[in-house]
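Protein sequences, first through last, are from chains C and A.
Heads up: the first sequence begins at 774 in my numbering, then just goes up one per residue.
Heads up: the second sequence begins at 774 in my numbering, then just goes up one per residue.
Even for Gly, the Cβ is constructed at its ideal location relative to N, Cα and C.
There are 2 protein chains.
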Amino acid sequence: MKVYVLRMGHRISRDKRITTHVGLAARAFGADGIIISGDMDQNVLSTLSKIVEVWGGPFTIRYERDWRRVIEDYKRSGWKIIHLTMYGIPLPDVIESIRMDPSDKLVIVGSEKVPGIVYKLADLNVAVTSQPHSEVSALAVFLDRLFEGREFYKEFTSAKLKIIPQERGKKILKLIEG
Amino acid sequence: MKVYVLRMGHRISRDKRITTHVGLAARAFGADGIIISGDMDQNVLSTLSKIVEVWGGPFTIRYERDWRRVIEDYKRSGWKIIHLTMYGIPLPDVIESIRMDPSDKLVIVGSEKVPGIVYKLADLNVAVTSQPHSEVSALAVFLDRLFEGREFYKEFTSAKLKIIPQERGKKILKLIEG
Chain C
774 MKVYVLRMGH RISRDKRITT HVGLAARAFG ADGIIISGDM DQNVLSTLSK
824 IVEVWGGPFT IRYERDWRRV IEDYKRSGWK IIHLTMYGIP LPDVIESIRM
874 DPSDKLVIVG SEKVPGIVYK LADLNVAVTS QPHSEVSALA VFLDRLFEGR
924 EFYKEFTSAK LKIIPQERGK KILKLIEG
Chain A
774 MKVYVLRMGH RISRDKRITT HVGLAARAFG ADGIIISGDM DQNVLSTLSK
824 IVEVWGGPFT IRYERDWRRV IEDYKRSGWK IIHLTMYGIP LPDVIESIRM
874 DPSDKLVIVG SEKVPGIVYK LADLNVAVTS QPHSEVSALA VFLDRLFEGR
924 EFYKEFTSAK LKIIPQERGK KILKLIEG
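This is the structure we're talking about:
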């Protein structure tokens, strides 16, 4: 099962750091890649690429102007489209059936205002709580529930740095490949 | 068991939205309040207060200049200090003992650079994955694991708005109290 994240409605001025955090959370919690839509923002794309270069992958990062075409293309290819929104069905009610479905998944996280058509194009509108919070937290909790914590044991390939867990302080392994 | 979040090192210019998202995630995922340290930022405090006013509480929000005194005060009062950091012990290895411990908890999330002393003052340094991601996602996944999803059923009091989950579209209940 492949999982891609579609980050919609990125605005350079407001969302620079939030979209970066969405990308980092997508990678850390086991998604295979992120597609960013909205303003084209080279800084966010290169910040995320640098993280993959240093901390490993695979994790693909790309920009697409036309989010609607992205959704429709993935849908046609048999991917399940899951839109995370506070207005949807509570995650605990649907996570098991999502997990059981072996289809690849496109997980949509929006910015402030998501067009109504997204709710219709999505196979599922899922609420990670029905309270206002953050696309970053919604995505992370969704992925943690989807992978049931297996993402904690994911090995990233071609990493240059790796952390060795410590009770206190920091221990970083620098990997040198010939 | 009470849970407060201490957000350290807030910088007005960079962290405005990230700290707001930390506060929203803290509230949505069941924490009782947030203490913000770093730059004093009235905008973040009032954005969070407005959310509580509209979507309900209880959820306390306050600013404290001196984060070290906050940590030491809570520690002296018997609270467990849990610092979320990618360098710590993996969450799956410690979450059960954290859950079993009935003590109140102060959960620290830092910004870019956390002073070394925090790792020493903390009773536990916990890694929500050992990968770079976001204080917003780290906090949300930590709280979701701590409360084992019970936060999804939390009722907020004095809410003016409440969402009724829908398969498609949005349904908001406006609560009018006499």
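Leaving out the 5 sequence neighbours to the left and right, which residues in its chain are closer than 7 Å to C/V909 when beta-carbon positions are compared?
Position 136 of the first sequence, counted from the first residue, corresponds to residue 909 of chain C. Setting aside the 5 residues that flank it on each side, C/V909 is surrounded in the same chain by I791, H794, V795 and A798, each with a C-beta closer than 7 Å to its C-beta; the list follows chain order.
Residues in its own chain within less than 6 Å of A/I868 by CB, not counting five upstream and five downstream?
Residue 868 of chain A sits at position 95 when you count from the first residue of the second sequence. Within its own chain, the residues whose Cβ lies closer than 6 Å to the Cβ of A/I868, once the five positions on either side in sequence are excluded, are R918, listed in chain order.
Should C/K823 go down as buried or exposed, given a rule of 16 or more other Cβ atoms within 10 Å for buried?
What you label residue 823 of chain C is simply residue 50 of the first sequence in a count that begins at 1. That one is exposed.
To which residues of the same chain is C/G830 closer than 7 Å at the C-beta, ignoring the five residues directly before and after it?
One-based indexing of the first sequence puts residue 830 of chain C at position 57. Within its own chain, the residues whose Cβ lies closer than 7 Å to the Cβ of C/G830, once the five positions on either side in sequence are excluded, are F929, T930 and S931, listed in chain order.
Name the chain A residues whose beta carbon is nearer than 7 Å to that of C/R920?
For this step, residue 920 of chain C is matched to residue 147 along the first sequence. One detail in the question is off: residue 920 of chain C reads as Phe in this sequence, not Arg. Neighbourhood of C/F920 in chain A, by CB distance below 7 Å: empty, with the nearest CB roughly 11 Å away.
List the whole-angstrom C-beta distance separating A/Y777 from A/D814, where the pair is believed to meet the contact cut-off of C-beta under 8 Å.
Residue 777 of chain A sits at position 4 when you count from the first residue of the second sequence. Residue 814 of chain A sits at position 41 when you count from the first residue of the second sequence. Rounded, the Cβ-Cβ distance is 18 Å, inconsistent with contact.
So, does the CB of C/V914 fall closer than 8 Å to a CB anywhere in chain A?
If you number the first sequence from 1, residue 914 of chain C lands on position 141. So yes, C/V914 belongs to the interface.
Taking 8 Å as the CB-CB limit, is C/V909 close to chain A?
In the first sequence, the residue the question calls residue 909 of chain C occupies position 136. For C/V909, a Cβ of chain A is located within less than 8 Å of the residue's own Cβ.
When the Cα atoms are used, what is the spatial distance from C/W840 to C/P905?
For this step, residue 840 of chain C is matched to residue 67 along the first sequence. For this step, residue 905 of chain C is matched to residue 132 along the first sequence. Approximately 23 Å between the Cα atoms of the pair.
I need the DSSP call for A/I824, collapsed to helix, strand or coil.
Taking the first residue of the second sequence as 1, we reach residue 824 of chain A at position 51. Here DSSP, grouped into helix, strand and coil, assigns A/I824 to helix.
A/D846: buried (16+ other C-beta within 10 angstroms of its C-beta) or exposed?
What you label residue 846 of chain A is simply residue 73 of the second sequence in a count that begins at 1. Classification of A/D846: exposed, given that the 10 Å Cβ count is below 16.
For C/D812 versus C/K853, is the C-beta distance shorter than 8 Å?
Within the first sequence, the letter at position 39 stands for residue 812 of chain C. Within the first sequence, the letter at position 80 stands for residue 853 of chain C. No, Cβ-Cβ distance for C/D812 and C/K853 is not below 8 Å.
In chain C, which residues lie less than 7 Å from A/M859 when you measure between Cβ atoms?
One-based indexing of the second sequence puts residue 859 of chain A at position 86. Near A/M859 (Cβ distances below 7 Å), the residues of chain C are I936.
If you draw a straight line from the alpha carbon of A/E933 to that of A/K947, how long is it in whole angstroms?
Sequence index remark: in the second sequence, residue 933 of chain A carries index 160 (1-based). Sequence index remark: in the second sequence, residue 947 of chain A carries index 174 (1-based). Just to set this straight, residue 933 of chain A is Lys in the shown sequence, not Glu. Rounded to whole angstroms, A/K933 to A/K947 spans 6 Å at the Cα level.
Find the residues of chain A that neighbour C/W828, judging by a C-beta separation of less than 9 Å, and give them in chain order.
Indexing the first sequence from 1 puts residue 828 of chain C at position 55. The answer, in chain order, is Q904 and P905.
Using CA coordinates, which residue listed in C/L821, C/R842 and C/I844 is at the minimum distance from C/F832?
On the first sequence, position 59 is the one that residue 832 of chain C refers to. Comparing Cα positions, the closest option is C/L821.
Using a threshold of 8 Å, state whether the C-beta atoms of C/R780 and C/V882 are closer than that.
Along the first sequence, one-based indexing puts residue 780 of chain C at 7. Along the first sequence, one-based indexing puts residue 882 of chain C at 109. Cβ atoms of C/R780 and C/V882: closer than 8 Å.
Classify A/D962 as buried or exposed, calling it buried when 16 or more other Cβ atoms lie within 10 Å of its own Cβ.
Summary: the structure shown does not reach residue 962 of chain A, with chain A confined to residues 774 through 951, and so no result is reported for it.
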